[in-house]
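Participant:
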Amino acid sequence: YWYCNTATAAATATTTTTTTTTTTTTTSTTTTTTTTVGFHVEHCALYVETYGTTTTTSTTTTTTTTTTTTTTTTTTTTTTTTTTTTTTTSTTTTSTTTTTTTTTTTTTTTTTTTTTTTTYYYYYYYYYYYDYYYYYFYYFYYYYYYYYYYYYYYYYYYYYYYYYTTTTTTTTTTTTTTTTTTTVHMDQIYHLASPASPPNYMYNPVKTLKTNTIGTINMLGLAKRCRARLLLASTSEVYGDPEVHPQTEDYWGHVNPIGPRSCYDEGKRAAEALCYAYKKQESVEIRVARIFNTFGPRMHMNDGRVVSNFILQALQNQPITIYGQGEQTRSFQYVSDLVDGLIALMNSNYSLPVNLGNPDEYTISQFAEEILKRVGGSSKIIHKESPIDDPKKRKPDITLAKNILNWQPKVKVMNGVDKTIEYFREELRYSNLLPNNQV
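Note that the numbering used here has the sequence shown beginning at 49, numbered continuously upward.
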């Protein structure tokens, strides 16, 4: 406002500054003429300067966590009834509880970063003008003088103001992390994993050893974390080609550590050693079952063991193959007897190895003839070379199982063979692989 009024006043003054004066004298004539010539000059400049920059950064982090927990509890109750010839009946009920807890945690983190940059500008007008007055006088009195007078009137006006610009950058980062943790709580672990037939475990000896060592370590670690009791399914193969007959649990065995069967024999021996190391050092509850030859329905027909080989060959009218002279002995137990023995051992307080098998002993030739008698057909017995390290005798001493577990086999071997023959027959019929004379 001040600037505008002042400028107007100055401009008005410059238009009224011309004056003329005349003086006459009779003695001498002196004419004084004053002439004013005015120049009005104006200058105006606009200046914009950066006054300063201010940057402000603010970060906001929001974290949202959602946790979902699902718990599943499975309770298995097993009732075992034992009846003896003295009409004494004992019933044992076992309850096993497995609880699985699954916890899913979803964490969402949102980070918002706002950066505000403000730039200030110094903005002003530089305005000035001046009036230039030129006065000249004429003096005529014998000589001539020029007098010049310069008058400068400067007017300076500054008009200031400043403004600013603001730049805002907002960056939002959202991170979602979902973590699912499954915690299994259990009381008992049955570690049964391993190839068991000679063709299978000799086909890949490295994996057989890994299964029985690394696999056992994994199960022992789980048992340690859950404070669960672990039962290891060991084998009569830990006795190798035994020099003691029948084999008791305190017999250390006669095993070839570098033979073709050693991957299984030594793998199971290592598994037993691992179990008792964890028992001693980590206080893991251990049960070890040394299982002798077992058979029954739903066993794989081509697993390469004696019972399945003989039954399959007889049903398909193929030659029954005996390796060696057939004088080597084996003891076979039916699958349901083994299951009862495993449960009894798991629920007992006995932590040392226990033999589980049927002490009824057959030579391989006798067993082949029994199969032929039950199946019928046209199969013949043939003999092939005996494999390396094939045990000559195998029979369990189950005294410990009888005394500690109150367990002994209930199913006669040949009764179990009949059930297995019928299962194989139905499987072959279903697959259209059963010869006409066996239908």
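Don't be surprised by glycine CBs; every beta carbon is placed ideally from N, CA and C.
#1: Give the DSSP bridge partners of residue 432, in chain order.
#2: DSSP state of residue 295, grouped into three classes?
#3: Residue 288 by DSSP, collapsed to three states: which one?
#4: Can you tell me which residues form a DSSP beta bridge with residue 277?
#5: Can you list, in chain order, the residues of its chain whose CB lies under 6 Å from that of residue 227, leaving out five sequence neighbours each side?
#6: Considering only the alpha carbon of each residue, which of 231, 486, 436, 240 lies closest to residue 250?
#7: Using 10 angstroms around the beta-carbon of residue 376, count the other beta-carbons present and answer buried if the total reaches 16, otherwise exposed.
#8: I'd like to confirm the pairing. Which residues does DSSP put opposite residue 343 in its beta bridges?
#9: Can you name the start and end residues of the alpha helix (DSSP H) that residue 360 belongs to?
#10: In chain order, what residues of the same chain lie with their CB nearer than 8 Å to the CB of residue 416, ignoring the 5 residues before and after it?
#11: Using 9 Å as the threshold, is the C-beta distance between residue 353 and residue 243 below it?
#12: In angstroms with no decimal places, state the Cα-to-Cα distance between residue 332 and residue 319.
#13: What's the gap between the Cα of residue 281 and the Cα of residue 382?
#14: Any chance the stretch 298–311 sits against the stretch 377–396, with 3 or more Cβ pairs inside 8 Å?
#15: By Cβ distance, which residues of its chain are closer than 7 Å to residue 253, with the 5 residues on each side in sequence left out?
#16: Quickly, what does DSSP pair residue 409 with across the bridge? List them, please.
#17: Less than 9 Å separating the beta-carbons of residue 495 and residue 465?
#18: In angstroms with no decimal places, state the Cα-to-Cα distance between residue 325 and residue 269.
Facilitator: According to the structure data:
#1: In the sequence shown, the residue the question calls residue 432 occupies position 384. Answer by DSSP bridge pairing, in chain order: 371.
#2: As a first step, residue 295 must be located in the sequence shown, where it is residue number 247. Here residue 295 sits in strand by DSSP.
#3: For this step, residue 288 is matched to residue 240 along the sequence shown. Of the three classes helix, strand and coil, the one that applies to residue 288 here is strand, per DSSP.
#4: As a position in the sequence shown, residue 277 is number 229, starting the count at 1. According to DSSP, residue 277 bridges with 236, 333.
#5: Counting from 1 along the sequence shown, the entry for residue 227 is found at position 179. If we look at residue 227 and ignore the five residues flanking it on each side, its Cβ neighbours are 153.
#6: In the sequence shown, the residue the question calls residue 250 occupies position 202. Of the listed residues, the one whose Cα sits closest to residue 250 is 436.
#7: Translated into the one-based positions of the sequence shown, residue 376 becomes position 328. So residue 376 ends up on the buried side.
#8: Residue numbering aside, residue 343 sits at position 295 when the sequence shown is read from its first letter. DSSP output for residue 343 lists 382 as bridge partner(s).
#9: Residue numbering aside, residue 360 sits at position 312 when the sequence shown is read from its first letter. Segment 354–363, the alpha helix (DSSP H) holding residue 360.
#10: Indexing the sequence shown from 1 puts residue 416 at position 368. Excluding sequence neighbours, residue 416 sits near 358, 368, 370, 374, 429.
#11: Here residue 353 refers to the residue found at position 305 of the sequence shown. Here residue 243 refers to the residue found at position 195 of the sequence shown. Going by C-beta atoms, residue 353 is not nearer than 9 Å to residue 243.
#12: Counting from 1 along the sequence shown, the entry for residue 332 is found at position 284. Counting from 1 along the sequence shown, the entry for residue 319 is found at position 271. If I take the Cα positions, the gap works out to 14 Å.
#13: Locating residue 281 in the sequence shown gives position 233, where the first residue counts as 1. Locating residue 382 in the sequence shown gives position 334, where the first residue counts as 1. Approximately 16 Å between the Cα atoms of the pair.
#14: no
#15: Position 205 of the sequence shown holds residue 253. Within the same chain, residue 253 has close Cβ partners 311.
#16: By 1-based counting over the sequence shown, the position of residue 409 is 361. Paired residues: 379.
#17: The first residue shown for the chain is 49 and the last is 487, placing residue 495 beyond what the model contains.
#18: By one-based count along the sequence shown, residue 325 stands at place 277. By one-based count along the sequence shown, residue 269 stands at place 221. Roughly 12 Å separates the two Cα atoms.
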